[in-house]
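61 is the number of the first residue of the sequence shown in the numbering used here; add one for each residue after it.
Below: one structure, written as structure tokens.
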Amino acid sequence: MTGWLVTGAGGMLGTDLVAALTSRGEPVTGLDRARLDVTDAAAVTDAIARCRPDVVVNCAAWTAVDDAEASEEQALAVNGGGAANVAAACARFGARLVQVSTDYVFAGDAGRPYAEDDVPAPRTAYGRTKLVGERAVLGRLPGSGYVVRTAWLYGAHGPSFARTMIKLEDQRPTVDVVDDQRGQPTWAVDVARQITALVDAAAAPGIYHATSSGEATWFELAREIFGLLGADAARVRPIPSSALPTLAPRPAYSVLGHGAWTGPGILPIGEWRTALRRAFPGLLAAQRAAAAAG
Ligand SMILES: NC(=O)c1ccc[n+]([C@@H]2O[C@H](COP(=O)([O-])OP(=O)(O)OC[C@H]3O[C@@H](n4cnc5c(N)ncnc54)[C@H](OP(=O)(O)O)[C@@H]3O)[C@@H](O)[C@H]2O)c1
């Protein structure tokens with residue numbers, strides 16, 4: 061039996077990962093930010109010394125992409141420094157480490173899916189800080205470090221584009237959504253499953269891409285969600301990104317390839333529409349509960 065420690069356990073992915081491990085009967089300690097701040101090196105060492113996990117999954121992150129532009133140092137402290145602290149403690153106590161990362165390490169302007177070994181070229185402060193975290197983990201744990209990049213995440217336990225669309229369908233006659241950014245909508249539960257599969261398989265250390273297959277624009281995703289709600293998809297209208305400026309530039313093409321999974325013989329996450337259909341009842345219930353709670 062594998063002992064797990066999950067940092068950032070109060071977040072969207074961390075919550076689903078702890079739930080998945082618990083339902084498998086695995087011994088898991090989930091520490092949210094209040095219980096473990098990953099920027100505190102001594103606290104990280106102490107937590108890992110006490111828990112002595114076989115595997116640590118670092119789900120703690122500064123995820124506010126736009127805010128990171130003006131606060132890169134603070135974002136770096138979490139995404140770079142925090143990851144380095146966790147990696148150092150894992151090296152000291154012989155734990156494997158899964159560092160969760162992002163498509164934003166790439167430039168986002170390719171014409172084909174990014175491979176795991178494509179050269180990163182982040183265009184945002186968030187992407188730069190996450191890349192520092194990746195390098196800290198792979199540098200310190202060459203034999204036992206994994207970087208699992210994901211993108212366009214949605215889940216029942218936190219805000220996401222998918223939940224926002226469920227809310228807006230209820231509130232607005234029409235919704236304008238950008239139609240010139242392509243990516244892979246991905247369910248946090250599927251990412252949790254890929255992480256556990258990597259560890260179960262004792263896969264080779266390195267970089268893996270945990271995103272759904274296929275690709276969509278935000279507009280296409282919104283229309284799919286309206287369809288699942290039984291609403292008229294024509295109420296979702298396409299707009300260009302230029303109509304909705306953001307502090308951090310959004311990638312036009314952020315599709316990730318899944319070649320690395322063939323090494324350990326693990327199936328990549330399937331097609332995004334299939335995953336969304338499976339996730340949808342949980343998303344809807346969570347959004348309705350949030351609305352009822354005000
Ligand atoms: N969401 C996406 O679309 C997406 C896309 C690509 C990659 N990712 C990556 O996926 C991973 C999980 O993200 P998520 O979507 O689950 O985001 P999330 O819901 O924002 O979870 C991140 C968690 O980290 C916590 N945290 C922040 N600073 C911390 C610190 N110093 N010490 C300990 N915990 C800290 C946050 O706590 P507070 O809420 O209290 O700040 C939050 O609970 C991250 O590595 C993220 O970069 C996410």
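Positions of the beta carbon are idealized from the N, C-alpha and C atoms, including for glycine.
For residue j and residue i, the rounded distance between their alpha carbons
i    : j    : result
Q231 : K190 : 35 Å
D126 : G141 : 20 Å
T224 : D114 : 37 Å
A102 : A147 : 13 Å
P180 : A352 : 43 Å
H318 : Q254 : 12 Å
A294 : L228 : 14 Å
L281 : D106 : 43 Å
L96  : H269 : 27 Å
A261 : R188 : 30 Å
T192 : F153 : Looking at the sequence itself, residue 192 is Val, so the reference to Thr does not match. Looking at the two C-alpha atoms, the distance is approximately 22 Å.
A143 : V117 : 10 Å
L136 : A349 : 34 Å
W64  : A109 : 13 Å
A128 : Y164 : 13 Å
D240 : M61  : 46 Å
V238 : R310 : 11 Å
P300 : D236 : 9 Å
G90  : V104 : 13 Å
A151 : T184 : 29 Å
L304 : A155 : 44 Å
A339 : L307 : 30 Å
A222 : V138 : 26 Å
R242 : R172 : 11 Å
W332 : T277 : 12 Å
V98  : P233 : 43 Å
D92  : F286 : 33 Å
Ligand 1 heavy atom lying under 8 Å from the CB of residue i
i    : result
Y164 : yes
V197 : no
D97  : yes
G140 : no
M72  : yes
L213 : yes
V78  : no
R93  : yes
W321 : no
S272 : no
R183 : no
T224 : no
C119 : yes
T67  : yes
W122 : yes
T210 : yes
T131 : Per the sequence shown, residue 131 should be read as Ser rather than Thr. Result no, Cβ not under 8 Å from ligand 1.
G218 : yes
A294 : no
V160 : yes
A107 : no
A248 : yes
K227 : no
Burial state of residue i (16 or more Cβ within 10 Å)
i    : result
D292 : exposed
G68  : buried
E133 : exposed
D169 : exposed
T210 : buried
A335 : buried
T322 : exposed
P245 : buried
T123 : buried
D250 : buried
L213 : buried
R283 : buried
R200 : buried
G290 : exposed
A248 : buried
A216 : buried
A120 : buried
The stretch 205 to 213 / the stretch 154 to 163 touching (three or more Cβ pairs under 8 Å): Under the 8 Å Cβ criterion, the stretch 205 to 213 counts as touching the stretch 154 to 163, having at least three qualifying pairs.
Touch test, the stretch 69 to 80 against the stretch 247 to 265, Cβ-Cβ under 8 Å, three pairs minimum: Taking 8 Å as the limit for Cβ pairs, the verdict is that the stretch 247 to 265 does touch the stretch 69 to 80.
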